[in-house]
Structures are given as structure tokens and as C-alpha cells.
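*Asks:* Residue numbers (my numbering), protein chains in the order written: chain E, 1334 to 1763; chain C, 1334 to 1763.
Here a beta-carbon is modelled for each residue, glycine too, at the ideal position from N, C-alpha and C.
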């Protein structure tokens, strides 16, 4: 399969602001073979896409979400956190089946592909069902079972991680990777985290964990262990592995030193942190100090969408008002967070996150032919500060067109809606 | 002209959460004649719109913008304010002609209609050209010349206000109203504001002014007059008139008392306040204390779009993280800001801002048939937290369809782009 994308602008992400104003991209099978200025091509193409008026960007990488929670989008907004969890989310989650999770994940994958996300990092339960949805839809994902130490079935959990890893890691033509997902410092006791660490080492797996999301967590961990969440997990050796730490909102000077020394990959989730009133992650400072900060949406319960283009804008705007400094987190840094930094967090920066020959053909074409994206003094500004995921026209993963002129190719939206309705009818008894 | 919109959900705004899940709307000429549950209709309709899967909302009211500044969208983002003004905006503004302003306004009107805004409140120069664009496009607007006291041509300025008022107030079938636009406390000396006040009184016009936008303004006014910006304008009697005060970011307890006592209409511009690092307007507190707070985007230079749906989300999210309280500014309050509160600020709440028989047929249909707007536990949550202006399918003003299945009816986007390019070529000498 060879595809030619003609006459598009290209934001390569090879350098912060490396743009071809009128360029072309060529792919063969799952790889980019050319990205640059317009040139004569000799070969035959199976598909030629007219990219005139479009901006090509690397497929966006959503480094923290819980895809199946789309089932509960908008169910209990604007109420206090504990009331929301106790009265809304947990009672529903108790009733979830694997099939519910499959369709919830499928809905989110439909949304992500439609809005330009080609890779997502997911933590939930019934993850085999999420893996199945990922394999079928053609998107790329890193998957982990979210685990707490509340029950004493620790050995079973580790056995399940081993099974899940052996069954799914590398599957879907290599699009699926498997991580271990200890939920958070306040839900995992030290002995359990030690077990997670040794299992991850044994498998050669990454860790995906929530870290320092709320002030409540900070005081709980301080009270229990006399430490910050970062000190707590670092003291257990967890940060010696490749760790994706979601949120990292409350970061002391000492924590910053740990993050830098251990190369922790921080994932900023600005809209979730705003909606749940968690606080403001010191992204600008982290980036200036050399920390790799990726971007995520968190679930569509606390966002309420998985639109990574809007999320870039929210990240940039929040840093500015948070630091009272208009130059904080410029637009191109936000794009880096959503692409190259995400790839780096996953250890996949040799194959995704940039538009460059040899890299995977994970590509997004944003249709800039909109009144709000004109004039085009600065394509990066327009993308970050004025576009949204709704402006995505084409999404390719592994060289396959998965969104074609705004339409889903591998997923049937009506079928997904129908199945979601069936799940909800049972879950809500209505 | 009679229009029937069938089978849509309707968010009436008559009460905070009054929704018809499956309803219909009937219009005749410029008015809504029916809005409620589905019913048999006997009359003939010139147009029947299938609203299945769509949410009808009152046309959105953007209470503070500078429409022609779309010409400079993205021109100089992420640089310090004074450098941006001195090196980017002002040199370009010096060269602007009436024709540039006409096309800049037309571009913004195209964007606003496409994203569900039916009324906007505009302050700039060459306002006759903006009025012409408004009249032709069919949108509703309140227009004012932005005025400073820097030059001593005050009498000429007032004469121009009288002329503009008499030529345009009430024009466009009543869609156009004219206000007086003294720019801000820090750009208008007391004697000038006195003159503005008496001219406004003479004409029966409203005042549109920037108030307490930045900490820099607060210290300038304190140094010059020993007052806060609110105390300063109130001391001159300005707040005895109907005043639309844009921004109101920095509000002391004493200022809050003035705002309440004088019934000042505050306009919150969250994305601009974030992008320029101005600070966080105490919206939630203001609303709880009974202040009428409307919503605006500010210009597309400091935003960078005029999408009022995204702006509602930003307003709600910013209040939550700003107050560290997840219940602050719930979604329905954000919708009220963008509709009924805006109408109230303009003194037009007897005709716009709600879907109700007898009101003007300023209507927007949002296409909810999107993966990110499903399931529909809460339509208001989905609208505010997950939708964007790109999801608008139909926009009606005064009972006329101005956006039809996402396409502009009265404006030619390609022509606008072409003319914008011509303007930019001259302005930028390139």
C-alpha cells in the first residue's frame, strides 16, 4: 500500500518550528518514505490524497486516559468529587461487564481517531476487551490494568498482568504495548508496589501510575508515610523503571529533583485538573528544567472529551494564567507535548511522534479551510489556539487511512451508539 | 417566512435546566411562535428542518470582541504584551483602512455565525464598515468606536459618535445598536469620560468599556487617581448609565459593592485572560452575589477564535481551578452567561437570549451526533464540556437561516479569504 499526500503544509516536529508550507508526504505500508517539499514522483500510488489547505501533523499521543469511561460522560458533573465517586461512578463501575468496556473503549477510539489521536495510554479493567477494540480499530495503544492493593488477591493480579502481557504485548502488528498500572500512591501499599515493580522488571514492562494529583493525596501520603507521593514511590525503587506519571500537579522542589534524576515522564492533564479543581501542574518549569512532559486528556468523565487539539490549547492557556506570564508554554511546546514528548514517554520516539522518513505513518491532516483558521500568519498558533479536533479530516495509523474525509473507516458509529445504549439500559436499569 | 424545526432537543434557557428532549420550534418572520413538545401543525411552512439528533439553543451572545482584529490572528503569540503591541499590533493598525476593517469584520462574522454566535458586541475603529458588514451578513450587533483621550480632538470624536448613532442605531431591521466605547480607565482622562457620559445620556446610548483587565492597569489608576478602576469611573458618574464592562479581572471587595450597587454588566473573557496572563475574574462569586456576568471572547488575537461554545467550557473550567472548587460555575451557569446574561447586559432580554414564543428567532442547532457527544446523560454537560463551535449545523438570526448544514448563506468565504489576502499583502508589504 503506497499513499501520496499532495500539497499539504507539514509540521514535522523534527525541530520545534520546522514547517513545509507546501509539501508532500509519501508512505509505503506502515512507514513514511518521504516528507518535504513538493517533488515529482515516479511510482504508482494506491491512493492520492489532496492535502491542499490542510496541515499535516504527527498523529497525536494521548498519554493518559481511561477510554471505557466514555459510558459515563457527563454523568454527574459539577458535584463534589467524593459524592461523584460514591453516588455516580463507583455504583456504575461495579456493574460493568467486559462487553460494556469493549463498547465504551470503541466509542472513545472513534472519538480519538476522529479528532486526530493515533496513540493512547489507557488504564482500566477488562483490558482484554480494550485490546480487542484497539486491534480491530487499527489505533495504537499502551494498555494496563488499573490495580489497587485493597483486596489481598495480589498474586492473582500479578498472574493476570503476566497473562495479559504475554497475550497482547506487541500484538496488532506491534501497535499494542502492555504496561503495569498500579493506580496511585494512596491506593497501593508499599508491599504491593514492590510486587508490581518486580513483575514489571521481569516482563520488561513500563509503569503507568497516577501521581500527586490532588492536595488530598499529598496530605494522605504525608500522614501515612511522612513523604511526598514522589518520595514514596521513589523510595520503593519504582522510578528506576520507565514510569509514566499522570497529573504530577503538586510538585515540591525536592520532588522536581527526583523527577529529573529518575527521568520520570510526567503527563499533564490540564482540562481534568481544571474541571476537578486539582490544581496546576508546573509544566513550564518542568520543561525548562529538562523534564519530559507529555499530554493527556484523562477520561471523558473529567474533561469531557478526548480532543487533544483542544487539550494543547488548554495546556498553553493554563500555564500562562497560572504563572501570570504570557510567554509561558508557547504553542509549539504544547504540540511537542502531544507528539514527540508522548512518544518519548512511551519509549517509542524512534517510530512515532514526528513526520520523518522511516517513522511509522501515523499522520493527521487538519483542514485549515475554516474562517477561524484564517489568515495563516502562524500555522502552529492557528492549530493550538484556534482549531479543535473537529477540524481533523484524515487520520492514518501504520499507513492505513482510518478517518477519511471526517468519516470513520474501521468503526461503525451507529453500531457503537446502539451498543452503548444497550449497555446503559442495563447499567442504569432504565 | 415560516420555518418548522422538527424533533430537536431544546434548551430553552427559560429556566436554568428547562429542556425538551424531543421538541419542535416554529417561527414566523423574525419571531419564535412555538417552542415545546412535538405537536401536529396545520399551517404551511416555507422550510422544514429535521432537527433529529440536534440540540437547539438560543443564539449565543458574544459580549466583547474586536471583530476586525481577525486580520492579525496568530500574528505575534507567546511574546510579552508590550512587545506584541509595539512591534506587531500597533504598526499594523496604523496602516488599516476602512476596507481592511470591513473584510476583517466579515471574516469574524463568518466565524461567529458558523460557530453559533448570533449577536456580538464590538469596539474598534472604522465602525461604519463593521456596521455595513453586519447589515449585509444578517447578524445582530452592538457597535462602538473605541476612543481614547490621547489626542485633543474630543469634540470631533463626540460629533462622530452622534453621527454614527444617528446613521446606524436601529438599522438592519433593528439588528444594529450603537454604544459609546471609551477604551479604558488608563486611556481616558476624567474630563474626556465626562464628555462621553453626557453624550451617551443625550443619545440614550450604552457604554462599552474595558475595566480592570490587568494588574498594570490597577497600579496605574491607583498611582494617578488613588482609586481602583471601578472607583474611578464610578466617581465620574459613568456607572449611572447602562455599562458593559469587559474583563473585570481584578475586583476588590469595595469594587464588588460598586458593581452590585450600580448594576454594572460584567463581561468575562476567560481565554483572553488566560492567554494574556491577565488573571482570573471572580465570576462564581459575582454570580452568587447577583451580578449580571456575560461572556465574551475578546478579539481573535488574544484567544484565538471567537468560538463561544469553547469559551463556555473555558469559563467553567477556569473558575473551578481558580477557586479549587469543582462545583464552581456549573455548566448551566456558563450557558446562561452566553445567552440570557448577554441579552440582559444589552438590555435586549425581552427579545433575545431564550427560546420562547414572542422572542426573536435567533436560534442555533448543534449536531450532537458525534462520538464525543455520546452518550447523552446530560445535554448541557455535553454542550459545555465536550462540544465546540465546529458542531453547529444551523444558525438563524431574525428567523433567517444564515448557516445551513454548516454552510454560510449570506457570506462568501472564498471571497472573504481573497480580500483578506489582498489587505494583508498591502499591510505587510509582502
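Does the distance from the C-beta atom of residue 1393 of chain E to that of residue 1616 of chain E stay below 8 Å?
*Replies:* Cβ distance not < 8 Å, so residue 1393 of chain E and residue 1616 of chain E don't count as in contact.
*Asks:* Distance check for residue 1368 of chain C and residue 1663 of chain C, CA to CA, integer angstroms please.
*Replies:* Rounded to the nearest angstrom, the two C-alpha atoms are 25 Å apart.
*Asks:* Can you check DSSP and say which residues form a bridge with residue 1405 of chain C?
*Replies:* According to DSSP, which records beta bridges pairwise, residue 1405 of chain C is partnered with nothing at all.
*Asks:* Which of helix, strand or coil does DSSP assign to residue 1334 of chain E?
*Replies:* Reduced to three states, the DSSP call for residue 1334 of chain E is coil.
*Asks:* Leaving out the 5 sequence neighbours to the left and right, which residues in its chain are closer than 7 Å to residue 1694 of chain E when beta-carbon positions are compared?
*Replies:* Excluding positions up to five away in sequence, the list reads 1360, 1363, 1364, 1365, 1729, 1731 and 1732.
*Asks:* Roughly how many angstroms separate the alpha carbons of residue 1429 of chain E and residue 1760 of chain E, rounded to a whole number?
*Replies:* C-alpha separation (whole angstroms): 7 Å.
*Asks:* Could you check if residue 1375 of chain C is buried or exposed, using at least 16 other CB atoms within 10 Å of its CB as the buried criterion?
*Replies:* Exposed, by the Cβ-count rule.
*Asks:* Identify every residue that forms a DSSP beta bridge with residue 1361 of chain E.
*Replies:* Answer is E:1335 and E:1364.
*Asks:* Within 10 Å of its beta-carbon, does residue 1740 of chain E have 16 or more other beta-carbons around it, so buried, or fewer, so exposed?
*Replies:* It counts as exposed.
*Asks:* Does any CB atom of chain E fall closer than 8 Å to the CB of residue 1608 of chain C?
*Replies:* By this cut-off, residue 1608 of chain C is an interface position.
*Asks:* Just to confirm before moving on: does the CB-CB distance between residue 1449 of chain C and residue 1641 of chain C stay below 8 Å?
*Replies:* Closer than 8 Å, so yes.
*Asks:* Using Cβ-Cβ distances below 9 Å, what residues of the region 1597-1621 of chain E are close to chain C?
*Replies:* Those would be 1603, 1604, 1606, 1607, 1608, 1609, 1610, 1611, 1612 and 1613, in chain order.
*Asks:* State the beta-bridge partners of residue 1616 of chain E as determined by DSSP.
*Replies:* Paired residue(s): none; residue 1616 of chain E is not in a bridge.
*Asks:* Which ranges would you report for the beta strand (DSSP E) in the region 1648-1731 of chain C if only whole runs of at least 3 residues count?
*Replies:* Qualifying beta strand (DSSP E) stretches, in chain order: 1696-1700 and 1725-1730.
*Asks:* Tell me which residue opens and which closes the beta strand (DSSP E) that residue 1451 of chain E is part of.
*Replies:* Where residue 1451 of chain E is concerned, the enclosing beta strand (DSSP E) stretches over 1450-1457.
*Asks:* Comparing the C-beta of residue 1358 of chain E with each C-beta of chain C, is any distance below 8 Å?
*Replies:* Closer than 8 Å: no.
*Asks:* Quick one: what's residue 1353 of chain E bridged to in DSSP?
*Replies:* DSSP, once it has assigned bridges, lists E:1343 as partnering residue 1353 of chain E.
*Asks:* Return the CA-CA distance between residue 1340 of chain E and residue 1395 of chain C, expressed in angstroms with no decimal places.
*Replies:* Approximately 36 Å between the Cα atoms of the pair.
*Asks:* At a Cβ threshold of 8 Å, is residue 1629 of chain E touching chain C?
*Replies:* So no, residue 1629 of chain E is outside the interface.
*Asks:* Are the CB atoms of residue 1635 of chain E and residue 1608 of chain E within a distance shorter than 8 Å?
*Replies:* Yes, these two residues count as a Cβ contact at 8 Å.
*Asks:* Go ahead and label residue 1809 of chain C buried or exposed: buried means 16 or more other beta carbons lie within 10 angstroms of its beta carbon, across all protein chains shown.
*Replies:* Here chain C comprises residues numbered 1334 to 1763, so residue 1809 of chain C is not present and cannot be evaluated.
*Asks:* Any beta carbon from chain C within less than 8 Å of residue 1718 of chain E's own beta carbon?
*Replies:* Chain C, which has a Cβ nearer than 8 Å to the Cβ of residue 1718 of chain E, makes this yes.
*Asks:* Locate the beta strand (DSSP E) running through residue 1736 of chain E, then write down its first and last residues.
*Replies:* Note, residue 1736 of chain E: beta strand (DSSP E), 1733-1737.
*Asks:* Report yes if the CB atom of residue 1612 of chain C is closer than 8 Å to the CB atom of residue 1397 of chain C, and no otherwise.
*Replies:* No.
*Asks:* Is the Cβ of residue 1663 of chain C closer than 8 Å to any Cβ of chain E?
*Replies:* Yes - at least one Cβ of chain E is within 8 Å of the one on residue 1663 of chain C.
*Asks:* Identify whether residue 1478 of chain E lies in helix, strand or coil by the three-state DSSP scheme.
*Replies:* It is a strand residue.
*Asks:* Considering only their Cβ atoms, is the gap separating residue 1414 of chain C from residue 1389 of chain E smaller than 8 Å?
*Replies:* No. Outside cutoff.
*Asks:* What would DSSP say about residue 1394 of chain C, mapped onto helix, strand or coil?
*Replies:* In this structure, residue 1394 of chain C counts as strand in the three-state DSSP scheme.
*Asks:* Below 8 Å between beta carbons is the criterion; list the residues of the region 1750-1761 of chain C that meet it against any residue of chain E, in chain order.
*Replies:* For the region 1750-1761 of chain C, which is checked against every Cβ of chain E, the residues closer than 8 Å are 1750, 1753, 1754 and 1757.
*Asks:* Would you verify that the beta carbon of residue 1653 of chain E is, or is not, closer than 8 Å to some beta carbon of chain C?
*Replies:* For residue 1653 of chain E, the answer is yes, since a Cβ of chain C falls inside 8 Å of its Cβ.
*Asks:* Measure from the C-beta of residue 1728 of chain C to each C-beta in chain E and report whether the shortest distance is under 8 Å.
*Replies:* By this cut-off, residue 1728 of chain C is not an interface position.
*Asks:* Using 8 Å as the limit for Cβ to Cβ distance, is residue 1414 of chain C near chain E?
*Replies:* It does: the Cβ of residue 1414 of chain C has a partner Cβ on chain E nearer than 8 Å.
*Asks:* Given a threshold of 16 other Cβ atoms within 10 Å of its Cβ, counted over all protein chains shown, does residue 1686 of chain E qualify as buried or as exposed?
*Replies:* Its Cβ being crowded by 16 or more others within 10 Å, residue 1686 of chain E is buried.
*Asks:* For residue 1477 of chain C and residue 1541 of chain C, what's the separation of their Cα atoms in angstroms?
*Replies:* When rounded, the distance between both Cα atoms is 7 Å.
*Asks:* Below 7 Å between beta carbons is the criterion; list the residues of the region 1697-1719 of chain E that meet it against any residue of chain C, in chain order.
*Replies:* Under the 7 Å Cβ criterion, the region 1697-1719 of chain E contributes 1704, 1705, 1707, 1708, 1710, 1711, 1714, 1715, 1718 and 1719.
*Asks:* Is the shortest distance between the beta-carbon of residue 1731 of chain C and the beta-carbons of chain E less than 8 Å?
*Replies:* Not closer than 8 Å to any Cβ of chain E, the Cβ of residue 1731 of chain C fails to qualify, so no.
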